[in-house]
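Following: one structure in structure tokens, then a few remarks.
In the numbering used here, the protein residues as written are 42 to 229.
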């Protein structure tokens, strides 16, 4: 990439791709500069260091995840929406493990913060699914956290080859969705 054309978005996207390849913890400004064909100090015209780069990668990832899950659940309800959300979530985590890791624990400051706003869109997608099951607003935070734990846990384990004892992870995934659906409908 020619130096004169490098933008902040180019730096963040290249950083996200590098994080996916080498792992979030091994993301380094020097390696990113080398990938972009610039000297490391040139990156500081676009990001305020590694912490800023990581935060911008988290924002990119949550934005991409939000777009993926919204597209997946469009026009669906109930178990179809739940399964579509979970599959889109797992697909994203598996395809982008480094940038997804950037989202975990990334702090938000409130409305107007790009990361906050992107996160709110993902949470609203989850809330829409849960409202379809009749989950009361007073229980929404708990229900969202529960689904996030389930979907995150499954996707993280699958992404890191954590289901080595058998080759039926897809069947387990379907079972998990059915289990959650039955629970949300009040069935046993």
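Note that CB positions come from ideal geometry on N, CA and C, so glycine has one too.
- Assignment of residue 150 by DSSP, reduced to helix, strand and coil, places it in the coil class.
- Listed in chain order, the non-local C-beta contacts of residue 87 below 6 Å within the same chain comprise 49 and 52, local neighbours out to five positions each way being set aside.
- Scanning its chain for C-beta atoms nearer than 8 Å, with the 5 sequence neighbours on each side dropped, one finds around residue 229 the residues 223, in chain order.
- Residue range 91-114 is occupied by the alpha helix (DSSP H) that includes residue 97.
- Taken in chain order, the whole alpha helix (DSSP H) runs of length 4 or more contained in the stretch 169-229 are 178-200 and 210-225.
- The continuous alpha helix (DSSP H) containing residue 139 extends over residues 138-144.
- Residue 102 is positioned such that its CB atom lies closer than 8 Å to that of residue 57.
- Taking a C-beta distance under 8 Å as the contact criterion, residue 162 and residue 107 qualify as a contact pair.
- DSSP, reduced to helix, strand and coil, places residue 56 within a helical segment of the structure shown.
- DSSP places residue 76 in the uninterrupted alpha helix (DSSP H) bounded by 70-77.
- Closest option to residue 155, judged by alpha-carbon separation, among 98, 202 and 54: 98.
- Residue 144 and residue 186 have their alpha carbons spaced roughly 15 Å apart.
- For residue 81, the enclosing alpha helix (DSSP H) begins and ends at 81-84.
- Measuring C-alpha to C-alpha distances from residue 130 to each of 82, 176, 142 and 192 identifies 192 as the nearest.
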